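Protein chains: 4
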Amino acid sequence: MLCGMFIKFLTTGGTIDKIYFDDLSQFEVGESQVQHILAEGLVDLDFEVVALMHKDSLEVTDEDRRRLHEYIEQDHARRYVITHGTDTMPETAETLRDLEGRTIVLTGALTPARFRQTDAVFNVGMAVATAQTASPGVYIAMSGQVFEAGAVRKNRAENRFESIDRN
Amino acid sequence: MLCGMFIKFLTTGGTIDKIYFDDLSQFEVGESQVQHILAEGLVDLDFEVVALMHKDSLEVTDEDRRRLHEYIEQDHARRYVITHGTDTMPETAETLRDLEGRTIVLTGALTPARFRQTDAVFNVGMAVATAQTASPGVYIAMSGQVFEAGAVRKNRAENRFESIDRN
Amino acid sequence: MLCGMFIKFLTTGGTIDKIYFDDLSQFEVGESQVQHILAEGLVDLDFEVVALMHKDSLEVTDEDRRRLHEYIEQDHARRYVITHGTDTMPETAETLRDLEGRTIVLTGALTPARFRQTDAVFNVGMAVATAQTASPGVYIAMSGQVFEAGAVRKNRAENRFESIDRN
Amino acid sequence: MLCGMFIKFLTTGGTIDKIYFDDLSQFEVGESQVQHILAEGLVDLDFEVVALMHKDSLEVTDEDRRRLHEYIEQDHARRYVITHGTDTMPETAETLRDLEGRTIVLTGALTPARFRQTDAVFNVGMAVATAQTASPGVYIAMSGQVFEAGAVRKNRAENRFESIDRN
Chain A
0 MLCGMFIKFL TTGGTIDKIY FDDLSQFEVG ESQVQHILAE GLVDLDFEVV
50 ALMHKDSLEV TDEDRRRLHE YIEQDHARRY VITHGTDTMP ETAETLRDLE
100 GRTIVLTGAL TPARFRQTDA VFNVGMAVAT AQTASPGVYI AMSGQVFEAG
150 AVRKNRAENR FESIDRN
Chain B
0 MLCGMFIKFL TTGGTIDKIY FDDLSQFEVG ESQVQHILAE GLVDLDFEVV
50 ALMHKDSLEV TDEDRRRLHE YIEQDHARRY VITHGTDTMP ETAETLRDLE
100 GRTIVLTGAL TPARFRQTDA VFNVGMAVAT AQTASPGVYI AMSGQVFEAG
150 AVRKNRAENR FESIDRN
Chain C
0 MLCGMFIKFL TTGGTIDKIY FDDLSQFEVG ESQVQHILAE GLVDLDFEVV
50 ALMHKDSLEV TDEDRRRLHE YIEQDHARRY VITHGTDTMP ETAETLRDLE
100 GRTIVLTGAL TPARFRQTDA VFNVGMAVAT AQTASPGVYI AMSGQVFEAG
150 AVRKNRAENR FESIDRN
Chain D
0 MLCGMFIKFL TTGGTIDKIY FDDLSQFEVG ESQVQHILAE GLVDLDFEVV
50 ALMHKDSLEV TDEDRRRLHE YIEQDHARRY VITHGTDTMP ETAETLRDLE
100 GRTIVLTGAL TPARFRQTDA VFNVGMAVAT AQTASPGVYI AMSGQVFEAG
150 AVRKNRAENR FESIDRN
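Chains as they are written, first to last, in numbering that gives the first Met the number 0: chain A, 0 to 166; chain B, 0 to 166; chain C, 0 to 166; chain D, 0 to 166.
In structure tokens:
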């Protein structure tokens, strides 16, 4: 491992962390799954996981985005992976673009990590690699691609992320 | 998706693709799992998967490495993900370093993709992102890290990949 | 296989078949998973699966129970496995107790079958065995046990099924 | 739970418990998975798990079968589930038929329990139910069916268990 290689994971909620509560007959954001994913991925680098909130991204407010921005601004890490709900991931990514000298990668999942078939593990893998290889800036790793913040949107009808420059 | 974003997957075998044959009471390299991994990861970019061989990497020969080198040399893609056994992955990576103008990422798994708990999915996710973000060159994506070819080895005792510059 | 060994599966919905709809940010009963479970269990006996309804068991009505009772009454199979939501499984089981000459086993799951960790597979396995070994009557197979209808309840606080005769 | 409902699990090895050792590039019987299966199945009855041996069933000897017979003979439980390799499961079942007053169910798996797709969980579910519902005797729960010992064989060509009385 290169000296200094450290990734800070900030978890905010989203579908990736949703679990089913049988007694409520409903589906809520639970404890973050990112640590299990990193363990299963046999990840051997220094990292820390901080749970900032447990929200569906339709409920993430501008105030939440300010808290996230402030956290990173006052923190000393240079590489971040942020797990976030998919619906407003592009919006949150946009608000972080002015943070300099850091590689920030947002990811999440269209199916909860606790499901047998899920994109969660693949996406976190993408984000962890991007945090190490991409030049400072803000990115979204979803749908098998790495997008730059500001040039990506979620296509809700087709349930995928795509470049805004796409025909 | 940026125009031109295309990844060619070359599969060579390795633990990632091992399956259990009950009638033989043994474990052999089977059909590549990479397509299932990409489907489960909801990957939405252009790609092609080519199975070059189905070998345990302890059985990969210099001739096999020449075939792999030649395949890439004569091919037109610019981004490659090669799934490979872990034991000689660093050696194979070394032989590809002279290929210019291409981003080549080798990955595999320490546990077969068909297992319930496996690093396979995370690793392929890392490789797919690296193929898109890293500058042309040869890389290994294992143990949660992206290494440059020539600066990485497999630590067999600890069952992980590490930088050669590491104490 | 003993001549005549045939099991008819009747699916009614319940947690076992719940899936997550990302666009609705909610969890609904989807297509029955029982066929996938039987395939994965390498089940090699004659069976048929009939989907009678797709309801959360809190929404199962007396009219629904009458339809289920009538279906079995007019049908010719001798062994039934009914997948059902857990909340009112004991109530539905009670209404079938007068059906003679048939072994009827109700089961379901406290966690959806599509989850990585789920009791669904184990429970269907229990039910398939019970349908073959128990004498004619109505049973519930949940929480690792086989209960007789009328002598079992769901303990919601502890999220498990238990005998009514229990202290 | 009916007073007295207790199941003793005896594990002997077999495919159900095979794991892959990357450093050996081979597949060996590991620690028994039955406890994980029971936990995932949300099993809520009294049980105990005893590991008698860790053998591929082609290596189970007559001496091993004598030890197994003796263990049960001197033990006080009335219901047993024995996990065992599939190749000689019928032979082992035969040697236990003279043990009176006990319900003994042998099961195993054609694919290891640690695999993502496996019959292991379904089979243990079948065995746990059979141990509770079948009258004293020796049974095999495989391929979705419950067979009586002495009337079943493993069809190696088709990789399934079948009744010996079958045409």
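No residue lacks a Cβ here, since even glycine has one placed at the ideal position from N, Cα and C. Please read these numbers as outputs of a predicted model, since none were measured by experiment.
Within chain B, partners of residue i - CB distance below 9 Å
i        : result
D:Arg152 : None at all; the shortest Cβ gap to chain B is about 15 Å.
A:Gln144 : Met0, Leu1, Met4, Val42, Asp43, Leu44, Val127, Ala128 and Gln131
Spatial distance of residue i from residue j (CA atoms)
i        : j        : result
C:Lys54  : A:Asp61  : 38 Å
B:Asp45  : B:Asp118 : 24 Å
A:Asp86  : A:Ser56  : 6 Å
B:Phe8   : A:Gln144 : 15 Å
D:Glu47  : C:Gln116 : 22 Å
C:Pro111 : D:Arg66  : 41 Å
C:Leu37  : C:Ser31  : 11 Å
A:Ala108 : A:Gly84  : 7 Å
C:Gln73  : C:Phe5   : 16 Å
B:Val42  : B:His35  : 10 Å
D:Asp16  : D:Gly29  : 6 Å
A:Phe146 : A:Leu105 : 10 Å
B:Met141 : D:Arg113 : 22 Å
C:Thr14  : D:Ala128 : 21 Å
Same chain, Cβ closer than 6 Å to residue i, five either side skipped, listed in chain order
i        : result
A:Tyr19  : Phe26
D:Ala133 : Thr102
B:Arg152 : Pro89 and Ile163
B:Gln131 : none
A:Val59  : Thr87
Cutoff 8 Å; reference residue i; Cβ partners in own chain excluding five residues on either side
i        : result
C:Asn154 : Phe160 and Glu161
B:Arg96  : Gly136, Val137, Ala148 and Gly149
A:Ile71  : Leu9, Tyr79, Leu95, Leu98, Arg101 and Ile103
B:Phe121 : Gly143
A:Glu39  : Val120
Partner residues on chain C for residue i, Cβ-Cβ distance less than 7 Å
i        : result
A:Phe160 : None at all; the shortest Cβ gap to chain C is about 12 Å.
Neighbour-count burial assignment, residue i, 16 or more Cβ in a 10 Å radius
i        : result
C:Val49  : exposed
B:Ala126 : buried
C:Glu157 : exposed
C:Ile163 : exposed
B:Glu69  : exposed
Per-residue contacts from residue i into chain A (C-beta, under 7 Å)
i       : result
B:Glu47 : What B:Glu47 touches in chain A: nothing, since even the nearest Cβ is about 14 Å away.
Contact list for residue i against chain B, beta-carbon separation under 8 Å
i        : result
D:Phe114 : Tyr19, Arg113, Phe114 and Arg115
Same chain, Cβ closer than 7 Å to residue i, neighbours up to 5 away in sequence not counted
i       : result
B:Met52 : Thr11, Gly12 and Asp63
C:Val33 : Phe8, Thr10, Val48, Thr82 and Val123
C:Ala92 : Leu105, Val137, Ile139 and Ala148
D:Ala76 : Phe5 and Lys7
CB contact check: residue i to chain A, cutoff 8 Å
i        : result
C:Phe26  : yes
B:Ala148 : no
B:Asp118 : yes
Neighbour flag for residue i against chain C, beta carbons, 8 Å
i        : result
D:Ile71  : no
D:Ala92  : no
D:Ala156 : no
Chain-ordered chain A contacts of residue i [CB-CB under 8 Å]
i       : result
B:Asp16 : Under the 8 Å cutoff, chain A gives no residues; its nearest Cβ is about 17 Å from B:Asp16.
Contacts that residue i makes with chain D (C-beta to C-beta distance below 8 Å)
i        : result
C:Val123 : Phe121 and Gly124
Under 9 Å from the C-beta of residue i: neighbouring residues of chain C
i       : result
D:Leu37 : Phe121 and Gly143
C-beta neighbour in chain B for residue i, strict 8 Å
i        : result
A:Ala140 : yes
Residue-chain proximity (residue i, chain G), Cβ-Cβ < 8 Å
i       : result
A:Asp74 : Reference to chain G is not applicable here, since the protein chains of this structure are A, B, C and D.
Near the ligand MG: residue i beta-carbon under 7 Å from a heavy atom
i      : result
B:Met4 : The ligand MG is not part of this structure, which contains no ligands at all.
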